[in-house]
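Using this note's numbering, read the sequence shown as starting at 6 and increasing by one per residue. Glycine included, C-beta positions come from ideal geometry on N, C-alpha and C.
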Amino acid sequence: MKLEKELKTNEDNSRVKIFSFNEAYVPPQYSPVKKGEYHFLSFGKDNLYPAFILNLYNNSGSSLHKAIINKKSRLSTGFGIKPVIDEGLKRWVKENKVEQLLKYIGKDFELYNGFCIEVVWSNDSTTCKLNYIPLHSVRIGLKEKEDDEDYFWYSANWELIKKEEYKPEYIKKYNPEDKTGRQLLYYIEPNPAYEHLYPIPNYSTALNWVMLDYEISVFHLNQIKQSYTPSMLINFSTGIPTPDEMNDTWREFERNFKGSQNSGKVFLTYSEGKEQAPEILPINLNDSDERFTLLAEHIITQITQSHEIPQQLISFVPGKGYRDW
6 MKLEKELKTN EDNSRVKIFS FNEAYVPPQY SPVKKGEYHF LSFGKDNLYP AFILNLYNNS
66 GSSLHKAIIN KKSRLSTGFG IKPVIDEGLK RWVKENKVEQ LLKYIGKDFE LYNGFCIEVV
126 WSNDSTTCKL NYIPLHSVRI GLKEKEDDED YFWYSANWEL IKKEEYKPEY IKKYNPEDKT
186 GRQLLYYIEP NPAYEHLYPI PNYSTALNWV MLDYEISVFH LNQIKQSYTP SMLINFSTGI
246 PTPDEMNDTW REFERNFKGS QNSGKVFLTY SEGKEQAPEI LPINLNDSDE RFTLLAEHII
306 TQITQSHEIP QQLISFVPGK GYRDW
């Protein structure tokens, strides 16, 4: 969340504070970074843009978005490779776990619009070993001189590169004419606006909808788990108790009435006349829940369109045909 504070002076010289909250998706920014011996191009303003994309897939995003990523990656690599006849090649495919490698890079391609493969040549340059390298762990190295070789930096965790176990490792760019050492095949889908930079996901224009889908699910969950808390105000007109008495009353009230498991219970109250009866006041939520429900169809449309895939390929919806989406 981004917080911007602005101070303005009125005619009476009073100062007014204006706060602006922005939680919408912000496209990544790229800038050169030099930390000691490491000179690289940042992947996003904080160098953690791919971690943001990965978190939307794993934790804080849309279930529809994740289902589409999984479905597309299975459709592209789920059947593996054609049977290999040559025994030597069959042995190489097995040793390098090529079918598993394809599944990994297929998932990365759908997540980031690119992928990485490490190529390690044998000492005699006659054969090579292939390893999967997660794209989110790679940064583009910046050359000091024009004739320097192209290269990358690899770290399993770019937030903790000061720790020895996450110290970035140098890997030169893959060159089919150079059959020596350790190299990195770094592929990104062409994008005119970001040529020679990092990949941009195909679904980037729908990231606000991906985040919105998750936030709506959190809203509904809180409505159920916290039940009464956001929807009513209870006032006891029997005087102001001590702090300890208020805490005891709150704990008892929470234990008996909070959460979905306590739904449907009935309040029984006793008082000395109407004047001392507890007052229960509903809080108007401005139909927030209904507005969020109405957004559901827009979310489905925006996310599926950004992925260029019909929603029916992800889940069957009774009563809706292809033209209904």
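State buried or exposed for residue i, treating a residue as buried only when at least 16 other CB atoms are found within 10 Å of its CB.
i, result
"Phe-224", "exposed"
"Ala-211", "buried"
"Leu-61", "buried"
"Lys-230", "exposed"
"His-201", "exposed"
"Phe-84", "exposed"
"Glu-151", "exposed"
"Ile-110", "buried"
"Glu-169", "exposed"
"Phe-48", "buried"
"Trp-255", "exposed"
"Arg-260", "exposed"
"Lys-112", "buried"
"Asn-52", "buried"
"Ser-160", "buried"
According to DSSP, simplified to helix, strand and coil, what is residue i?
i, result
"Lys-177", "strand"
"Pro-55", "helix"
"Val-124", "strand"
"Val-31", "coil"
"His-44", "strand"
"Pro-37", "strand"
"Gly-85", "coil"
"Ile-304", "helix"
"Tyr-199", "helix"
"Tyr-171", "helix"
"Tyr-62", "helix"
"Ser-130", "coil"
"Thr-309", "helix"
"Pro-315", "coil"
"Glu-151", "coil"
"Phe-253", "According to the sequence shown, residue 253 is Asp rather than Phe. Helix at Asp-253."
"Pro-204", "coil"
Within the continuous beta strand (DSSP E) that includes residue i, where are the two ends?
i, result
"Gln-188", "187–193"
"Asn-136", "133–138"
"Val-103", "Segment 103–117 is the alpha helix (DSSP H) holding Val-103; no beta strand (DSSP E) there."
"Trp-158", "156–159"
"Ile-145", "143–145"
Do you know whose CA, among the options, lies nearest residue i's CA?
i, options, result
"Asn-207", "Asp-152, Lys-134 and Glu-194", "Glu-194"
"Leu-106", "Leu-116, Gly-93 and Phe-120", "Phe-120"
"Leu-140", "Trp-214, Phe-57 and Leu-217", "Phe-57"
"Tyr-175", "Pro-204, Ala-29 and His-44", "His-44"
"Leu-189", "Asn-128, Ser-160, Leu-147 and Lys-177", "Lys-177"
"Tyr-192", "Ser-127, Asn-252, Asn-118 and Gly-186", "Asn-118"
"Lys-134", "Val-143, Ser-142 and Val-124", "Val-124"
"Gly-146", "Trp-158, Thr-132 and Asp-152", "Trp-158"
"Ser-209", "Ile-245, Gln-310 and Glu-164", "Gln-310"
"Lys-172", "Lys-40, Lys-71 and Val-89", "Lys-40"
Grab the span of the alpha helix (DSSP H) containing residue i for me, first residue to last.
i, result
"His-70", "68–82"
"Tyr-219", "212–230"
"Trp-97", "92–100"
Return the Cβ separation of residue i and residue j in integer angstroms, given the expectation that the two are a contact with Cβ distance under 8 Å.
i, j, result
"Trp-214", "Ile-308", "5 Å"
"Tyr-219", "Ser-65", "5 Å"
"Tyr-30", "Met-216", "7 Å"
"Glu-42", "Ser-78", "Not a contact, Cβ separation roughly 36 Å."
"Glu-104", "Ile-86", "6 Å"
"Ser-130", "Thr-185", "6 Å"
"Leu-69", "Ile-305", "6 Å"
Relative to the ligand HEM, is the shortest distance from any of its heavy atoms to the C-beta of residue i smaller than 7 Å?
i, result
"Gln-307", "No copy of the ligand HEM appears in this structure; indeed no ligand is present at all."
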